[in-house]
Each structure stands twice: as structure tokens, then as C-alpha cells.
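Written below as C-alpha cells is the structure these notes are about.
Numbering (the working numbering), first residue to last: 79 to 349.
The following block contains the structure:
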């Protein structure tokens, strides 16, 4: 049978999702856990595939994997063999030819960064122009003989506390496409570019020196693969779902305490 699963992970400790030899990756850890639990033997028989090959430092709430197995899939048993920052939390039995990368209806990414007085209205105006079916080749690295047309269904920008949150929902995305869209919007919001520059991105053939780079990660920004949507509903494993919730709550308490500690030190210098 073929099974598909939803996966949560924090990307800080991994060199991206996709397996690489001699490098710690999310896919590598998951495959090890599946082998430890005797669910798969090797790549050729399992036909393992992930929905999105996220980069290093990119997080996920709902990336999706699929694999073939002859055994009953018990999610908590798999999670016992995974590090704390990778948790499988839902599953679904699917057709033998199901490929999560190509069967997805849409993908939803969130990018979070600090708010630095960017002009919100200008960013929203340009965001509306990006929605729709366009050639996004100038929002990624140079592609040869590859279809670079994609459709963006929604692009929403919200302001919460001292942060900006960009929600980008579309069919599929080119390499670094979401982060390059966000970076263009941020630069327009800061007044570095005029709003009309977005027309060049869709109408001109731009070389790498002209195209804007991706919005930063790590200390300057955070990218989350929030959801990959399919025409069916996953079956949530309640124990693993609660485990994920506990881990996030613990992480939040730990880092909010550290943040408050640093603020206390900072107050000493602001007297």
C-alpha cells in the first residue's frame, strides 16, 4: 500500500529537506526512522517522495511525504525514531501512483520579518498585481527549458506587533520564488523601488544582476511551508498532534524567557 503523511519540522538544524549524502537533512532523518521501524527497506521499493524540497533554515507545519510499505503505519512509533524538531502528525492511505509533489492542489507559505515602517499600502498595491497567472522566471534563478509560469491565488500582508507576515498561496513555486517576491515588496515598502518595477519583472528578460535576491532567513526572516493541499482529508494522529503542540509550547516558553532576559539587560543600557 501507499501512505502519505503530514510532517512538521524546524529547519534550523538541517541542510534543507531533500536528502544529501553525508549531510543532515529532514528527508534523511525521516527515511532513517522509516527503516528503523521496518516500514521501508530502500528508495527503489518505497518510492519515497516529498511534496516540497524546502531549503536550509526553512520550517514546515504541513510538508507532505509518501512511501510504499507492506506494514501497518503507526505514527507515534515513527516519531520515537525522529529528533524532537521533526514530527509526523497525520496520514492517509492513497492510490499507488500518488506523488505528493505533483498531486498538490495548492501550497501555502508564510514569511515573517520585522516591521521597519514599510509603506503598507504600496506593498498591498504591488501584491495585487502579483496575484494571478504569470511568468515568474525573474523571481527565481535562471531556468533553461523549464516552464516558469505559475499561478498565485492569494497574497496577503498583515502587521502583528512588531512583525510583518506575508501569506503567499499558489499552485507551485520556483526555487526561492516566495522569498524573492517578498523581498521586492519589502523594498517597494521601504521606498527603494517604485511600484511600477513589478511590470519589468513580468515583461522584461532580466539577467541575474537585475533580479532582486531572496529575502533573508535566520535572524532577519523566517519562511514556513504552512500547508500543502490535496483533494482529500488527512487522518490526524491525536497523540502526535498533541506532541507537536507540546513541543511548540515548550519552545515558545524557552525563547520568550530568553527574550525577556535580554530585554532586562537592554534596560540597563537605556537608563
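Think of the CB as a built atom: it goes at the ideal place given N, C-alpha and C, for glycine as much as any other residue.
Residue burial classification, residue i (beta-carbon count within 10 angstroms, cutoff 16)
i: residue 295; result: buried
i: residue 335; result: exposed
i: residue 188; result: buried
i: residue 330; result: exposed
i: residue 342; result: exposed
i: residue 101; result: exposed
i: residue 332; result: exposed
i: residue 309; result: exposed
i: residue 346; result: exposed
i: residue 217; result: buried
i: residue 349; result: exposed
i: residue 122; result: exposed
i: residue 180; result: exposed
i: residue 311; result: exposed
i: residue 212; result: buried
i: residue 119; result: exposed
Whole-number beta carbon distance between residue j and residue i, since they are thought to touch under 8 Å
i: residue 200; j: residue 273; result: 6 Å
i: residue 151; j: residue 80; result: Actually they are not in contact, since the Cβ atoms of residue 151 and residue 80 sit about 10 Å apart, beyond 8 Å.
i: residue 306; j: residue 141; result: 7 Å
i: residue 103; j: residue 93; result: 5 Å
i: residue 208; j: residue 232; result: Actually they are not in contact, since the Cβ atoms of residue 208 and residue 232 sit about 10 Å apart, beyond 8 Å.
i: residue 124; j: residue 95; result: About 16 Å; that fails the 8 Å criterion.
i: residue 318; j: residue 153; result: 5 Å
i: residue 240; j: residue 193; result: 6 Å
i: residue 313; j: residue 169; result: 6 Å
i: residue 164; j: residue 87; result: 4 Å
i: residue 157; j: residue 321; result: 7 Å
Bridge partner(s) assigned by DSSP for residue i
i: residue 127; result: 144
i: residue 101; result: In DSSP, residue 101 forms no bridge with anything.
i: residue 172; result: 80
i: residue 328; result: Looking at the DSSP assignment, residue 328 forms no beta bridge with any residue, so it has no partner.
i: residue 305; result: 186
i: residue 193; result: DSSP lists no partner for residue 193.
i: residue 85; result: 141 and 166
i: residue 314; result: 168
i: residue 248; result: 185 and 230
Same chain, Cβ closer than 6 Å to residue i, five either side skipped, listed in chain order
i: residue 236; result: 243
i: residue 117; result: 147 and 149
i: residue 256; result: 187 and 246
i: residue 89; result: 135, 136 and 137
i: residue 267; result: 196, 197, 200 and 201
i: residue 293; result: 257, 260, 261 and 299
Spatial neighbours of residue i in its chain, beta-carbon cut-off 8 Å, leaving aside the 5 residues before and after
i: residue 286; result: 219 and 220
i: residue 160; result: 107, 108, 111 and 166
i: residue 275; result: 262 and 266
i: residue 162; result: 325
Residues of its chain near residue i, where Cβ-Cβ distance is below 7 Å and the 5 sequence neighbours each way are ignored
i: residue 249; result: 184, 228 and 229
i: residue 253; result: 218 and 219
At 4 residues or longer, and completely inside the region 261 to 303: list those alpha helix (DSSP H) runs for me, N to C. 275 to 281
If we require 4 or more residues per run, which alpha helix (DSSP H) segments fall completely within the region 209 to 246? none
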